[in-house]
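Chains as they are written, first to last, in the working numbering: chain A, 6 to 284; chain B, 3 to 110.
Heads up, the beta-carbon is just placed ideally off N, CA and C, and yes, glycines get one too.
The next block holds one structure in the form of structure tokens; read it before the comments.
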Ligand SMILES: Nc1ncnc2c1ncn2[C@@H]1O[C@H](COP(=O)(O)OP(=O)(O)O)[C@@H](O)[C@H]1O
Ligand SMILES: [Mg+2]
């Protein structure tokens, strides 16, 4: 394992939305088998950074290597190939409302492999077992609770056994017990499969439970990048403020707030991910 | 990845080695299913499996189910640590017939 290249390498990443710089000289490395948590307040640039790692945005400057490949230098075909080794569990769940849970999970295997349909069926049901949704394959997503949708999205994200798994706010909107079961799942996946897992979250309990290392983003800059203990014991006042914010009022989540104003449902979308995200 | 078969005491010992992944699991599946159709007792030697993904596990599951229907022996033996972790993730260590060594598998 130690001979493998870093799973993720970001060197001096800068990015802008219009004139506004949203990521400033971000550098980080994620090791194979590591659970790496990106945290920071709303608007600090977490989702933007994640989208860069997924190759969905082009940086103003800087280098991003995923599993040893420099993603901005890849052809569309090579990028597609690389994406089959990356799993993504999106914040919104990202299941197709028109397909059964089982078909949702099997989709990447049907799209990207030539596996026999029997094998695909077994792999799909194996993943449902792993996320504790055994027997739910024939249900439609609309019949699942929020926590179940999250777990189904996980099952789909890992159906190709990715080397690298990205999770955007895995515990957002879940009650503490369900959130904690998602944390356990993340730990089990890393331990069993040796996956590198990158988690974007502002849930501190979850971060302290699962992280090997934490990257704290603040207004687009890496404020700190260190182990859980080092971050916890950091004398830096801004880090302590961030850590203590849990006791204060919940901060506003612009994503959720905008969705509320637009009257959008949180859980489902109707359009294939391949179309929306080029995945 | 390599698949090597040898006959011992009327059973077939199938030794898998290297990485049993998406690319290779279809050939593992075919190899095992052919043996199942012939109703051969099989011991899968997994000592040298460095990595096995879900499609590899699925091939083992399918063969095992076939063996159970046929009433023939299908045993996973000498399972490497990485393969065992994957089996445990889906609690399949409780489902397959396991043996610590190939010899023990042959006697089971
Ligand atoms: N599509 C966009 N166009 C313009 N500004 C954006 C866009 N997306 C995000 N931003 C801005 O970039 C900053 C970082 O946003 P984001 O990466 O979503 O942060 P986080 O995920 O940490 O909440 C915020 O100030 C946000 O308003
Ligand atoms: Mg965000």
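ask   = Pick from A:64, A:65, A:26, A:13: whose alpha carbon is nearest that of residue 90 of chain A?
value = A:13
request  = Tell me whether residue 61 of chain A sits in a helix, a strand or coil according to DSSP, three-state version.
outcome  = coil
query = Which residues in the same chain as residue 111 of chain A place their Cβ atom closer than 6 Å to its Cβ, once the five residues preceding and following it in sequence are excluded?
reply = 125, 129
key: The alpha helix (DSSP H) enclosing residue 17 of chain B, as first and last residue numbers   = Not the alpha helix (DSSP H): residue 17 of chain B falls in the beta strand (DSSP E), residues 13 to 22.
message = Give me the chain C residues within the contact set of residue 90 of chain B, using Cβ-Cβ distance strictly less than 8 Å, ordered along the chain.
response = In the structure shown, chain C does not exist; the protein chains are A and B.
query = Which one or two residues does DSSP pair with residue 291 of chain A in a beta bridge?
reply = Residue 291 of chain A lies beyond the range of chain A shown here (6 to 284); nothing can be said about it.
query = Skipping 5 residues on each side, what residues in its chain have a beta carbon closer than 7 Å to that of residue 16 of chain A?
reply = 32, 67, 68
task = Thinking residue 78 of chain B and residue 35 of chain B are a contact (beta carbons under 8 Å), I'd like their distance in whole angstroms, please.
result = Between residue 35 of chain B and residue 78 of chain B the Cβ distance is about 16 Å, and since that is not below 8 Å, they are no contact.
key: Around ligand 2, Cβ to any heavy atom closer than 6 Å, ordered along the chain   = A:51, A:52, A:260
task = Note down, in chain order, all residues in the segment 19 to 36 of chain B with a beta-carbon under 8 Å from any beta-carbon belonging to chain A.
result = 23, 24, 27, 28, 31
key: Outcome for residue 109 of chain A when other beta-carbon atoms lying within 10 angstroms are tallied against a minimum of 16   = buried
query = Around the C-beta of residue 188 of chain A, are 16 or more other C-beta atoms found within 10 angstroms, so that it is buried, or is it exposed?
reply = buried
request  = Determine contact between the segment 69 to 84 of chain B and the segment 173 to 188 of chain A, defined as no fewer than three beta-carbon pairs at a distance below 8 Å.
outcome  = no
Residues of the segment 56 to 72 of chain B whose Cβ lies closer than 8 Å to any Cβ of chain A, in chain order = 56, 57, 59, 60, 61, 63, 64
ask   = If you check the beta carbons only, do residue 153 of chain A and residue 102 of chain A fall under 9 Å apart?
value = no
request  = Can you grab the Cα-Cα spacing for the pair residue 54 of chain B / residue 21 of chain B, in whole Å?
outcome  = 6 Å
key: Continuous beta strand (DSSP E) stretch holding residue 85 of chain A: start and end   = It is not in any beta strand (DSSP E) - residue 85 of chain A instead sits in the alpha helix (DSSP H) that spans 81 to 88.
query = Ordered along the chain, which non-local residues of its own chain (more than five positions away) have a Cβ less than 7 Å from that of residue 24 of chain B?
reply = 55, 57
query = If we cut at 9 Å on Cβ distances, does residue 284 of chain A have a partner in chain B?
reply = Note that residue 284 of chain A has pLDDT 38, beneath the 50 cutoff, so the model's placement of it is unreliable and the number below is only indicative. For residue 284 of chain A, the answer is no, since every Cβ of chain B falls outside 9 Å of its Cβ.
task = Can you say whether residue 73 of chain B is buried or exposed, counting buried as having 16 or more other CB atoms within 10 angstroms of its CB?
result = exposed
key: Proximal residues of chain B, C-beta to C-beta of residue 121 of chain A below 8 Å   = 28, 31
task = Check residue 107 of chain B in the structure and name its three-state DSSP category.
result = helix
ask   = Which residues share a DSSP beta bridge with residue 4 of chain B?
value = B:19
task = Go through its chain and collect everything with a Cβ distance to residue 51 of chain A's Cβ below 7 Å, but skip five positions before and after it.
result = 43, 45, 205, 222
query = What are the start and end residues of the beta strand (DSSP E) that includes residue 41 of chain A?
reply = 40 to 44
ask   = Quick check: the segment 56 to 67 of chain A against the segment 211 to 231 of chain A, are there 3 or more CB pairs under 8 Å?
value = no
query = Hey, is residue 45 of chain A close to ligand 1, as in C-beta under 8 Å from one of its heavy atoms?
reply = yes
key: Backbone secondary structure at residue 25 of chain B - three-state DSSP   = coil
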